[in-house]
Structure formats: C-alpha cells, structure tokens
Amino acid sequence: MKLTKITPRDEDFAKWYTDVCMAANLVSYSNIKGSMIICPNGYAIWEEIQKIMDAEFKKLGHQNVQMPLFIPESLLNVEKNHVKGFAPEVAWVTHGGEEELEEKMCVRPTSEVLFCDYYKNVIKSYRDLPKLYNQWCTIVRWEKTTRPFLRSREILWQEGHTMHETEEEALNETLQMLHVYEDFQRNILALPVIVGLKTEKEKFAGAVKTYTIEAMMYDGVALQNGTSHYFGQDFAKAFNITFLDRNNNLQTPYQTSWGVTTRMIGAIIMTHGDDHGLVLPPKIAPTKVIIISIGDDEKVTKTISEITKDLDVTYEIDDSNKSPGFKFAEAEVKGIPIRIEVGLRDLENDEVTLVRRDTLEKIKVKTSEVKNKITELLDTIQKDMYNRALERRNSMLYEAHDYEEFKTIAKEKPGFIKINWCGSEECENKIKDDTGLKSRCILEEETPDGNCVVCNKKAAHKIYFGKQY
RNA sequence: CGAGAAGUAGCACAAUUUGGUAGUGCACUACAUUUGGGAUGUAGGGGUUGCAGGUUCAAAUCCUGUCUUCUCGACCA
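Per this note's numbering, residue 37 is the first one in the first sequence, and the count goes up by one each step.
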C-alpha cells in the first residue's frame with residue numbers, strides 16, 4: 037500500500053485535490069486523455085450512489101434500459117438546437133475495421149435522440165404513457181481540459197428519459213427528479229446544494245427549461261452537480277412521436293430528461309476532504325468503520341471478534357503488523373468515518389478508542405457499548421458534516437446591489453454573488469466578459485427587489501453568478 | 001485548442017549541462033524483532049528511461065514527431 041504525501045489544502049487546492057484522489061486510491065490516470073481508471077476505492081463509492089439512487093428511481097416507477105453506444109450522424113441531426121449545442125464535443129467513428137462507414141456515427145454524448153428514435157415506435161396510445169426509462173452507462177464528450185471526476189471525456193452517469201401525456205405531468209416529473217437529486221445530495225452526500233433554473237444561455241441544448249443542482253466547493257468555485265430538463269414537445273415533434281389520446285385525437289407527448297455523474301464524487305472530495313485525505317459522509321461510505329489492532333495480543337484479537345460479532349454496519353479489520361501510526365494514517369486518507377483502536381492500554385479498563393474521521397476527536401467507550409455508540413456517532417458525523425459545509429458555503433454567498441460592488445466582490449472574494457437581473461443575455465455576457473463569472477442559477481422562489489445591477493433596467497429575476505469547474 | 005512546464009521502478013527524485021555499465025529514498029517480497037500517530041534489522045524482487053523515428057562506434061542524455069500530465073487562458077450542461 038502506497039501512501040503519498042498530500043499537498044496542504046490551503047497551499048494549493050488543485051494539487052491537493054489530485055493528491056487526495058491518488059492517495060485515497062480513488063482513480064488512476066490511464067494513457068488515454070480524459071479517461072480515468074476508477075479504482076476499487078472510487079468505484080465502491082459510485083456503487084453506493086447507484087444503489088441508493090436506483091432504488092429511489094424504481095420506487096417512483098422508473099425502469100432501467102440500455103441504449104446503443106453509437107448514434108448515426110443523421111439521427112443526431114434531427115433536433116437542430118440539440119446538435120448545434122453538442123457538435124463541438126462529439127467523438128466520431130468513421131471506420132469499422134477496414135471498412136469505411138457509409139454514414140459516420142458518434143459515440144453518444146447523451147442519449148435523447150436514441151430514446152426518441154425508440155419511443156416513436158413504442159408510443160402509440162395514451163395507454164403507453166408515461167414512459168419512465170433510465171439508463172446507467174458511459175457517454176463521451178470531447179472536453180479540451182480534463183480532470184479526474186470533475187471533467188472527463190468518458191463520463192460514467194445515469195440518464196433518465198421520460199415521456200408524458202401532458203405538459204403538467206412532464207413538468208412535475210422534471211421537478212420531482214430535481215428534488216430526488218437535491219435530497220440525495222443534501223441528506224446522503226452532505227452537500228448543501230443550491231437548486232434553480234439555468235438561463236437561456238446556459239440551458240441544455242434542445243431543452244425548454246433546465247433545472248440545475250449547484251454545489252460550492254471548499255474554494256468557493258461552483259460544481260454543477262446534476263441537471264433535470266423539461267423538453268416540452270420539441271424533440272417529440274422533430275422525431276414525429278405521437279399517440280392517440282382518450283378521445284381518439286392524435287397528440288404529441290411531453291418529455292423530460294435528467295442526469296447525474298461521477299462528478300458527485302469530486303464534489304464529496306472538494307467539499308469534505310482535509311489535509312489528511314478523503315472524508316466520506318457516513319451514509320455514502322462503503323465502509324463505515326475500520327477496526328485497528330494495536331499490538332499482537334490474544335486479548336486484542338478476542339475483543340475485535342466480540343465487537344464485530346453484532347456490529348450491523350459495514351466494517352473492515354486492520355490487524356496487520358504495520359505500525360499503529362501507519363494504520364491510522366491509511367484509514368484517514370481513505371476517509372472511513374469511524375475507526376476503532378483496540379489496544380491493551382484501554383482494554384485494562386475494558387475500553388476501546390473511537391476516532392471520528394471528520395474531527396479526529398478521540399472517544400473512549402466501554403467495549404459493550406461500541407455498537408450503540410457507533411450508530412449514534414455515524415448519525416452525528418453525517419449531520420455535523422452537512423452543517424459545517426453549509427456554514428462554509430453560506431460564508432461565501434454574497435449579494436451585490438450595484439455593478440461596481442459586483443465587480444469588487446467578484447475580484448476579491450471566491451463564492452457566489454446574488455444579484456437582480458433583467459434576464460437579458462447581453463447583461464449575462466457582460467458579466468462574463470468583465471469578471472469571468474457565469475450564471476449559476478435563477479432563484480425561482482425569490483422576487484427581485486431592485487433593478488438589474490448591470491443595465492439598471494427592470495429586473496426579472498434573482499440570480500447567482502459564480503466561477504465554475 | 002493557444003502559451004508555458006514536465007515525463008527515468010508503484011511514488012518522490014538523481015544521472016541529461018559535457019553522449020560511455022541506470023542509481024538513491026519510500027513502497028513491495030521473505031524472515032525476525034516490534035506495535036497508542038507514517039517502526040527496525042537482514043536478505044531479495046522490480047527498468048526496452050512515455051512512445052516512434054533520426055544522428056552516432058555508442059543515446060536517459062543530442063534532433064524531429066507524437067502521446068500523457070500539470071499551470072494559465074479559450075472552450076464547455
């Protein structure tokens with residue numbers, strides 16, 4: 037087991053991030069740009085994410101399917117806005133073996149057109165609706181700059197694609213899935229996310245509305261951590277998807293799509309991690325507890341088997357003869373929420389030492405109380421991690437009342453800045469040109485209380501701006 | 001994609017300037033002694049120096065190309 041030195045977080049955040057990814061053995065670089073190897077420690081986190089989210093999707097009536105990997109050029113071209121948005125980052129296949137393809141195909145950058153192409157054949161009647169399909173798969177987008185988890189060319193994700201009889205039903209689905217994502221990230225990943233609507237400029241290519249989950253990293257930079265789109269009938273019309281309604285009238289269905297990626301793992305690292313390495317929220321940690329033996333003694337071995345006998349959370353035992361300090365450091369870099377140190381010194385009082393990964397606080401408990409204490413502690417850690425992240429994020433939320441103030445904050449302070457905004461792309465672009473900040477999301481539940489800080493015309497929205505990964 | 005930097009064992013680096021047997025530390029394997037914050041000893045294993053060409057009697061070292069990584073920009077759901 038290698039343990040690499042981690043660059044201090046406040047010294048060089050970017051380097052710290054890659055150091056943690058490597059030291060915790062989450063990923064490894066491959067020789068293919070933008071395609072990382074997700075190692076067992078990293079993949080186990082993704083499996084936990086899948087397990088919890090997939091169960092939630094299914095509870096809400098969704099079914100999993102698997103669509104083709106390739107999209108013929110003509111199929112991608114069917115919906116004009118869609119293809120225009122994706123064209124620059126599409127990877128093309130022109131040959132199959134020696135044979136040049138008559139029509140080139142791209143590796144799916146997302147699967148809307150594949151689902152539509154299928155749905156047009158299977159949706160005939162209102163009885164066929166809703167169609168609630170999801171797939172777990174990889175997609176390819178030819179990004180120019182890549183970073184582990186945050187931006188890769190090969191993306192491991194989940195994409196839901198649904199078709200509905202009515203606009204209302206489809207809009208409800210869009211919001212329902214947005215909230216599934218929001219709840220998951222808040223409650224399971226302990227990420228204090230902000231949800232809202234993307235601007236026209238930033239919305240998904242081909243969507244009517246794009247809702248987004250915006251997380252703020254330790255350094256104040258935004259990470260878009262999931263989106264849920266309402267498509268209206270645009271794709272359905274382009275693909276000629278129709279159904280007969282209850283009155284025997286031919287109708288066009290309404291569509292949604294929604295997705296999250298392994299980028300969420302990057303968000304966990306950059307929100308909770310520290311100079312010792314990864315810190316995993318208990319609810320997503322594949323291993324909740326690690327038991328570390330100190331010294332080679334029969335009493336220690338016996339105590340470990342007693343503790344594990346009725347432990348009802350996932351655990352690992354490290355009874356190797358590596359030095360205690362080494363074993364502690366290794367457990368820390370992997371982010372395991374609780375470690376139990378079992379050594380003779382405590383056993384004299386029939387005690388063991390529990391150590392919280394998030395605070396590194398040491399707690400002595402009687403051997404017989406370990407199980408209850410762990411249950412309680414996992415819960416406390418989960419809550420504390422969320423609250424600490426929330427507090428930190430709140431300390432980097434600003435509101436600007438005029439453009440000078442906006443520019444000053446943008447220049448001096450990392451984080452998100454809330455403003456009144458007229459809704460025009462011109463003002464959005466001006467902010468981008470002047471400060472490099474992009475719009476994060478429109479806050480639908482807040483009403484503007486002044487004029488647009490850029491042009492001073494009547495404001496339409498409250499909106500957050502911020503730098504993004 | 002533009003500008004810059006870097007690639008030598010799993011990791012960190014030396015040897016490159018001045019071409020001449022590829023080395024050190026950590027990690028790894030075995031045994032022994034250890035064990036409450038990154039143990040110690042002894043003995044071992046691991047390399048087409050990112051890849052491909054070229055120059056040369058001889059290339060880690062010089063030249064060309066290419067790939068990957070990092071930083072900054074541009075681009076980007």
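Think of the CB as a built atom: it goes at the ideal place given N, C-alpha and C, for glycine as much as any other residue.
Do you know how far the Cα of residue j is from the Cα of residue i?
{"i": "K402", "j": "K498", "result": "53 Å"}
{"i": "K345", "j": "I175", "result": "43 Å"}
{"i": "T298", "j": "R183", "result": "12 Å"}
{"i": "H197", "j": "V391", "result": "44 Å"}
{"i": "I478", "j": "F240", "result": "15 Å"}
{"i": "V56", "j": "T210", "result": "35 Å"}
{"i": "S288", "j": "E115", "result": "It should be noted that the sequence gives Thr, not Ser, for residue 288. Roughly 15 Å between the two C-alpha positions."}
{"i": "K95", "j": "Q171", "result": "15 Å"}
{"i": "D219", "j": "T292", "result": "19 Å"}
{"i": "D354", "j": "I326", "result": "7 Å"}
{"i": "V388", "j": "K245", "result": "54 Å"}
{"i": "M252", "j": "R429", "result": "6 Å"}
{"i": "N509", "j": "C173", "result": "With the chain covering only 37 through 505, there is no way to say anything about residue 509."}
{"i": "G502", "j": "P450", "result": "8 Å"}
{"i": "A367", "j": "K41", "result": "14 Å"}
{"i": "Y65", "j": "C75", "result": "10 Å"}
{"i": "S3", "j": "V336", "result": "In the structure displayed, the chain extends from 37 to 505; residue 3 sits before or after that span and is not available."}
{"i": "R332", "j": "G379", "result": "Strictly speaking, residue 332 in this sequence is Asp, with Arg absent from that position. One C-alpha to the other measures close to 9 Å."}
{"i": "K443", "j": "T471", "result": "7 Å"}
{"i": "K494", "j": "C488", "result": "6 Å"}
{"i": "E236", "j": "T146", "result": "20 Å"}
{"i": "D48", "j": "I445", "result": "22 Å"}
{"i": "E462", "j": "H200", "result": "35 Å"}
{"i": "G256", "j": "P484", "result": "24 Å"}
{"i": "A321", "j": "G313", "result": "14 Å"}
{"i": "K190", "j": "I68", "result": "The question names Lys, yet the displayed sequence has Glu at residue 190. In a straight line, the C-alpha of E190 is about 10 Å away from that of I68."}
{"i": "Y53", "j": "V296", "result": "21 Å"}
In terms of alpha-carbon separation, which member of the options lies closest to residue i?
{"i": "I330", "options": "I343, I73, P360", "result": "P360"}
{"i": "S404", "options": "I340, L433, A50, N430", "result": "I340"}
{"i": "L165", "options": "G379, Q171, T471, Y155", "result": "Y155"}
{"i": "L227", "options": "K370, Q269, T246, M300", "result": "M300"}
{"i": "Y505", "options": "G97, E47, N261, G313", "result": "N261"}
{"i": "T416", "options": "N223, I81, K245, T248", "result": "N223"}
{"i": "S110", "options": "C142, R375, M89, A91", "result": "C142"}
{"i": "W294", "options": "Y422, A60, E384, F93", "result": "F93"}
{"i": "V229", "options": "H312, E427, T235", "result": "E427"}
{"i": "I410", "options": "L316, T483, K338, V349", "result": "V349"}
{"i": "N157", "options": "A425, N276, N77, L347", "result": "N276"}
{"i": "E480", "options": "Y169, F279, L233, I191", "result": "L233"}
{"i": "T263", "options": "C491, S431, V216", "result": "V216"}
{"i": "L168", "options": "F185, Q212, E125, R177", "result": "Q212"}
Using the rule of at least 16 other Cβ atoms within 10 Å of the residue's Cβ for burial, across every protein chain shown, is residue i buried or exposed?
{"i": "D394", "result": "buried"}
{"i": "D469", "result": "exposed"}
{"i": "K454", "result": "buried"}
{"i": "T307", "result": "buried"}
{"i": "W128", "result": "exposed"}
{"i": "L286", "result": "exposed"}
{"i": "T181", "result": "exposed"}
{"i": "M37", "result": "Residue confidence is low: M37 scores 40 on pLDDT, short of 50, so the model does not pin down where it sits. Its coordinate-derived value is still stated next. Flag for M37 reads exposed."}
{"i": "I73", "result": "exposed"}
{"i": "I81", "result": "buried"}
{"i": "A91", "result": "exposed"}
{"i": "I304", "result": "buried"}
{"i": "K363", "result": "buried"}
{"i": "N408", "result": "exposed"}
{"i": "S188", "result": "buried"}
{"i": "G97", "result": "exposed"}
{"i": "R282", "result": "exposed"}
{"i": "A50", "result": "exposed"}
{"i": "L473", "result": "buried"}
{"i": "E250", "result": "buried"}
{"i": "N465", "result": "exposed"}
{"i": "E377", "result": "buried"}
{"i": "E195", "result": "buried"}
Below 8 Å on the Cβ atoms is my guess for residue i versus residue j; work out the distance and round it to an integer in Å.
{"i": "K324", "j": "Y351", "result": "7 Å"}
{"i": "R45", "j": "D310", "result": "7 Å"}
{"i": "L214", "j": "V231", "result": "6 Å"}
{"i": "G302", "j": "E179", "result": "Contact flag wrong, Cβ pair sits at about 14 Å."}
{"i": "E205", "j": "Y290", "result": "7 Å"}
{"i": "K458", "j": "A496", "result": "A small fix is needed here, since residue 458 is Cys in this sequence, not Lys. So it is a contact: roughly 6 Å between Cβ atoms."}
Are the segment 153-163 and the segment 131-143 touching by the rule of at least three beta carbon pairs closer than 8 Å? Here the segment 153-163 makes no contact with the segment 131-143; the two share fewer than three CB pairs at distances below 8 Å.
Taking three-plus beta-carbon pairs below 8 Å as touching, is the segment 147-157 in contact with the segment 102-121? A contact between stretches requires three or more CB pairs, one per stretch, nearer than 8 Å, and the segment 147-157 meets this requirement with the segment 102-121.
Taking 8 Å as the threshold, find out whether the segment 117-126 comes into contact with the segment 85-101 through three or more Cβ pairs. Look at the beta carbons and you see the segment 117-126 not touching the segment 85-101: under three pairs across the two are nearer than 8 Å.
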